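In the working numbering, the protein residues as written are 1486 to 1685. Virtual Cβ for every residue (Gly too), placed ideally from N, Cα, C. Predicted, not measured: the structure shown is a model, and the values here were computed from it.
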């Protein structure tokens, strides 16, 4: 077994941060739901696509350390590490934002992982060569295959659909919006992962 993990919206939750960042810039009213997609939809409805793109750069770059891990993620990965399950992160994101400040988004994401104890021997104890940020979906899929992942967790059904049948696909859907999902297994919370991997 080799478990591959997505990063954005799988390990890390941006909902509260997108809401707060948009509110700080006076881009949204307070009544908007505290969700990334709610902020995105509001700005797009107002014809503020460029503001949305700049906001993404700020959240994924300068303010990423304010983003929270999904509940139960650390405990689940810690348990898998104790069981000796090989793991890696394979994510796709551009190196810099399309517009706005040229933050290094790969370095920012790696900084979040470090802040969360991924590389800490007293934390999850990962090595940096377990983490890969690719710039395209195609490169991401190629990396997953090259690493020999047998299982892969992602919040995007379209990524999982690009993987061969030989890889066990797990769709992370904390909002429970994807039922029924026929492309693999559904994971509503991180507490479910050991069971889905048939380790409990």
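Report task. Check whether the stretch 1526-1545 touches the stretch 1507-1515, counting contact only when three or more Cβ pairs, one atom from each stretch, lie closer than 8 Å. Result -> Segments in contact, yes.
Query - Length of the line joining the Cα atoms of residue 1638 and residue 1580 - result: In a straight line, the C-alpha of residue 1638 is about 22 Å away from that of residue 1580.
**Report entry** Cβ neighbour criterion (16 or more within 10 Å) applied to residue 1516
**Finding:** Of the other Cβ atoms in all chains shown, fewer than 16 fall within 10 Å of the Cβ of residue 1516; this residue is therefore exposed.
Report task. Out of 1503, 1529, 1589, state which residue places its alpha-carbon closest to the alpha-carbon of residue 1518. Result -> When C-alpha distances from residue 1518 are compared across 1503, 1529, 1589, the shortest belongs to 1503.
Query raised in the report: Hey, would you say residue 1506 sits closer than 8 Å to residue 1543, going by beta carbons?
Result: Contact: yes.
Query raised in the report: Where does the unbroken beta strand (DSSP E) through residue 1619 begin, and where does it stop?
Result: Boundaries of the beta strand (DSSP E) harbouring residue 1619: 1616-1619, taken from the DSSP string.
Query raised in the report: Looking only at C-alpha atoms, which of 1598, 1621, 1618 sits nearest to residue 1552?
Result: Here the closest residue by C-alpha is 1598.
Query - Residue environment, residue 1625, which counts as buried when at least 16 other CB atoms sit within 10 Å - result: Buried, since its Cβ has 16 or more Cβ neighbours within 10 Å.
Query - Supposed contact pair residue 1550 and residue 1586 - C-beta distance, whole angstroms, cut 8 Å - result: Contact doesn't hold; Cβ gap of about 16 Å is too wide.
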